[in-house]
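Trainee: Structure below; questions to follow.
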Amino acid sequence: MGEVLVIGGGIAGVQAALDLAEMGIRVHLVEKGPSIGGRMAQLDKTFPTNDCSTCILSPKMVDCARHPRIAIYTLSEVQAVAGEVGDFTVQVLKRARYVDETACTACGDCAQVCPVVRPDEFQMGLSTRRAIYIPFAQAVPQAYLRNREDCLGDEPIACGRCIEACRKQCIDFDMQDEVIELSVGSIVLAVGMETFDPVALTEYGYTRYENVITGLEFERLICASGPSGGRLIRLTDRQEPRTIGFVQCVGSRSLKYQRFCSSVCCMHATKEAILAREHIPDVQSYIFYTDLRASGKGFQEYIERARREYGVKYIRSRVARIEEDGDGRLVFHYEDAATSRPQQVKVDLAVLATSLIPGPDVAALAEVLGLELDEYGFFRTNPFSPTDTTREGVFTCGCCRGPADIPQSVAQASGAAARAAQYATGNT
Ligand SMILES: Cc1cc2nc3c(=O)[nH]c(=O)nc-3n(C[C@H](O)[C@H](O)[C@H](O)COP(=O)(O)OP(=O)(O)OC[C@H]3O[C@@H](n4cnc5c(N)ncnc54)[C@H](O)[C@@H]3O)c2cc1C
Ligand code: SF4
Ligand code: SF4
């Protein structure tokens, strides 16, 4: 029985790995970051059911970690692939964690004494972490890591407080990066997406105005495990907003940036407006949209509920610009498509639905594997075998295939796993 390589440990990669392992196939799950989980780990709730994102994802991550047929390699990247379908040889660079992940109990004693403070990437920079840290409470593996660039230095050791604090003696600054060679029959690519940086759209004032945030920043702010403990606040005065404006298609459906629709933003903005009302009963949300794309199961009903039960106002328009007035409030200038008149509305908080774009690793992996990309930079797939890439034995699923929500990513992952299993077992 051949083995399968899954690259990327977001929900798509996790689902593909679990499906393959349950078929009796040995899986190597290679994740670039310090934990599996991907973007879904950063979400508060998920549309259209408003289920807690972590409550769904976390058991799958734990199942992956415990599965006897799944080997997880974090802080790891595929460097080279040789051979052909049925017999690929893969070189994986595994970066040093400087903490023995099998011995670390995630007690946190090391971080408590670490003097270095850095922006916390998982919390979208809205809070801080130490140079030795765990990315989030439910991380898999449940182990701290030392960021060598952030640390005060190890040649010679300039600080070493974490080493002294660790009773388990599992911190080792001599740990080295290693190259691991794997032999697999087929490959599943699930490296996900990045979100568009809205700084380029100066008219929205992102980073110029503190109360203009992105959808992912909103997800962290409203989440109980987020930087404000789940209290939805404006960043300027830490007060709860009374009015929120959601700007759709930021970077999407644009001739200048991404021509494609990011497919999930109408729904995640609707979810965020619903959650805002659940947290702040008198909040008024406005969603400024191009078209409402609600093609999934139960999606249109979800939007109707947002309108009816949560008082969300949908305004068809493109916001021309956002300006801050003296007290940190934000004036939205827009043309209402229904009346063709220029209008203004003042809100306390602006949330930008930034597009889902292919990260740089998609092109890099396409180069390593000799794959074609589509016109938008995602992996090209076969329309009649939608998880097949342009190379036999290499499959793809989730957001590196094109923007997708969680149910779509999971369905594609199961499809890709089934195809990869056929090739790994020689049943093609
Ligand atoms: C603000 C916002 C809110 C959302 N809300 C919802 C919602 O409520 N419901 C819903 O259905 N969907 C929602 N989505 C969409 C959801 O996040 C995606 O559908 C989902 O994350 C896709 O999973 P994925 O595994 O394809 O990618 P990702 O979650 O991006 O995971 C990819 C993984 O691959 C890893 N990786 C990247 N490059 C490499 C490499 N070279 N080697 C190894 N590993 C690599 C990454 O570190 C990451 O762990 C939302 C998205 C956003 C931006
Ligand atoms: S002190 Fe040691 S065991 Fe505790 S979290 Fe830090 S590295 Fe892990
Ligand atoms: S040695 Fe580095 S990681 Fe450890 S406590 Fe000091 S600064 Fe932090």
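Every position in the sequence shown, counted from 1, becomes a number in my numbering once 140 is added.
Each residue gets a CB set at the ideal place from its N, CA and C atoms; glycine is no exception.
Would a C-beta distance cut-off of 8 Å place Glu-357 and Leu-266 closer than the cut-off?
Mentor: A contact, by the Cβ cut-off of 8 Å.
Trainee: Is the stretch 343-351 touching the stretch 550-563, taking contact as three or more C-beta pairs under 8 Å?
Mentor: Cβ pair count under 8 Å is below three, so no.
Trainee: What is the C-beta distance between Ala-446 and Thr-410, in whole angstroms, given that I count them as a contact (C-beta under 8 Å)?
Mentor: The Cβ separation is near 5 Å, so the contact holds.
Trainee: I'd like to check one pair, Val-331 with Cys-195: are the Cβ atoms closer than 8 Å?
Mentor: It is not a contact, given that the beta carbons lie outside the stated cut-off.
Trainee: My output table needs one value for Ser-554: the three-state DSSP class, helix, strand or coil.
Mentor: Reduced to three states, the DSSP call for Ser-554 is helix.
Trainee: May I ask you to report which of helix, strand or coil DSSP gives Thr-410?
Mentor: Reduced to three states, the DSSP call for Thr-410 is helix.
Trainee: Pairing CB atoms from the stretch 286-299 with CB atoms from the stretch 269-277, are three or more of them under 8 Å?
Mentor: Yes, since at least three Cβ pairs between the stretch 286-299 and the stretch 269-277 fall closer than 8 Å, the two stretches touch.
Trainee: Using 8 Å as the threshold, is the C-beta distance between Ile-151 and Ser-549 below it?
Mentor: A contact, by the Cβ cut-off of 8 Å.
Trainee: Are the Cβ atoms of Ala-460 and Tyr-474 separated by less than 8 Å?
Mentor: For Ala-460 and Tyr-474, yes; Cβs fall inside 8 Å.
Trainee: Compare the Cα-Cα distances from His-207 to each of Arg-179, Val-404, Ala-157, Lys-234 and report the closest residue.
Mentor: The residue with the shortest Cα to Cα distance from His-207 is Ala-157.
Trainee: Within 7 Å: the Cβ of Cys-244 and any heavy atom of ligand 3?
Mentor: Not under cutoff, so the answer is no.
Trainee: Just to confirm, are Tyr-284 and Ala-246 a CB contact at a threshold of 8 Å?
Mentor: In this structure, Ala-246 lies closer than 8 Å to Tyr-284 by Cβ.
Trainee: Which residue wins for smallest C-alpha separation from Gly-345, given the options Glu-463, Phe-228, Pro-188, Leu-329?
Mentor: The option with the nearest alpha carbon to Gly-345 is Glu-463.
Trainee: Ligand 3 and Arg-307: does the residue's C-beta get closer than 7 Å to at least one heavy atom of that ligand?
Mentor: No - ligand 3 has no heavy atom lying nearer than 7 Å to the Cβ of Arg-307.
Trainee: Using CA atoms only, rank isn't needed, just tell me which of Gly-533, Asp-467, Arg-458, Pro-543 is closest to Asp-514.
Mentor: Per the Cα distances, Pro-543.
Trainee: Which value, in whole angstroms, describes the spacing of the CA atoms of Val-280 and His-168?
Mentor: If I take the Cα positions, the gap works out to 15 Å.
Trainee: Can the beta-carbon of Asp-184 be found less than 8 Å from the beta-carbon of Cys-363?
Mentor: Yes.
Trainee: Secondary structure at Leu-415, three-state DSSP: helix, strand or coil?
Mentor: Looking at Leu-415 - three-state DSSP - the assignment turns out to be helix.
Trainee: Does the count of Cβ pairs from the stretch 367-375 and the stretch 434-453 closer than 8 Å reach three?
Mentor: Taking 8 Å as the limit for Cβ pairs, the verdict is that the stretch 434-453 does not touch the stretch 367-375.
Trainee: Could you check whether the Cβ of Leu-292 sits closer than 7 Å to any heavy atom belonging to ligand 3?
Mentor: Leu-292: yes, Cβ under 7 Å from ligand 3.
Trainee: Report the rounded CA-to-CA distance for Ala-493 versus Gly-177, giving the unit in angstroms.
Mentor: Distance between the alpha carbons of Ala-493 and Gly-177: 21 Å.
Trainee: Do the CB positions of Ala-236 and Met-315 come within less than 8 Å of each other?
Mentor: Cβ distance < 8 Å, so Ala-236 and Met-315 count as in contact.
Trainee: Name the two residues that bound the continuous beta strand (DSSP E) containing Ala-576.
Mentor: Past the edges of the chain, shown from 141 to 568, lies residue 576, and the structure says nothing about it.
Trainee: Using a Cβ-Cβ cutoff of less than 8 Å, which residues in the same chain neighbour Tyr-432 once the five nearest sequence positions on both sides are dropped?
Mentor: Checking the sequence shown, residue 432 turns out to be Leu, not Tyr. Cβ within range, chain order: Cys-406, Ile-443, Tyr-454.
Trainee: At which residue ranges does the stretch 292-380 contain complete alpha helix (DSSP H) runs of 4 or more residues, listed in the order of the chain?
Mentor: Within the stretch 292-380, the complete alpha helix (DSSP H) runs of at least 4 residues are 301-305, 355-362.
Trainee: Near Phe-400, what residues of its chain come up, given a Cβ to Cβ distance below 6 Å and the 5 sequence neighbours on each side ignored?
Mentor: Closer than 6 Å at Cβ, skipping near neighbours: Tyr-516.
Trainee: Give the C-beta separation of Val-328 and Val-144 to the nearest angstrom, bearing in mind that I take them to be a contact with Cβ-Cβ under 8 Å.
Mentor: Indeed they touch by this definition, with Cβ atoms about 7 Å apart.
Trainee: Use the C-beta contact count for Met-141: other C-beta atoms within 10 angstroms, 16 or more gives buried, fewer gives exposed.
Mentor: Exposed, because fewer than 16 other Cβ atoms sit within 10 Å of the Cβ of Met-141.
Trainee: Could you tell me whether any non-hydrogen atom of ligand 2 is closer than 7 Å to the CB of Cys-247?
Mentor: Yes; taking the cut-off as 7 Å, the Cβ of Cys-247 has a heavy atom of ligand 2 nearer than that.
Trainee: Leaving out five residues on either side along the sequence, give the residues of the same chain with a beta carbon under 6 Å from the beta carbon of Ala-161.
Mentor: Result list for Ala-161: Val-167, His-207, Arg-209, Ile-210, in chain order.
Trainee: At a threshold of 7 Å, does Tyr-273 count as lining ligand 4 (C-beta to nearest heavy atom)?
Mentor: Of the ligands this structure carries, namely ligand 1, ligand 2 and ligand 3, none is ligand 4.
Trainee: How far does the beta strand (DSSP E) with Val-144 in it reach, from first residue to last?
Mentor: Element bounds for Val-144: 144-147.
Trainee: Pick from Glu-321, Ala-504, Pro-259, Asn-190: whose alpha carbon is nearest that of Phe-439?
Mentor: Of the candidates Glu-321, Ala-504, Pro-259, Asn-190, the one whose C-alpha sits nearest the C-alpha of Phe-439 is Asn-190.
Trainee: From Pro-188, Cys-192, Arg-360, Thr-529, pick the residue whose C-alpha is nearest to that of Asp-260; which is it?
Mentor: Taking only the C-alpha atoms, the option nearest Asp-260 is Arg-360.
Trainee: Who does His-207 pair with in a DSSP beta bridge?
Mentor: In DSSP, His-207 forms no bridge with anything.
Trainee: Does DSSP put Phe-439 in a helix, in a strand, or in coil?
Mentor: In this structure, Phe-439 counts as helix in the three-state DSSP scheme.
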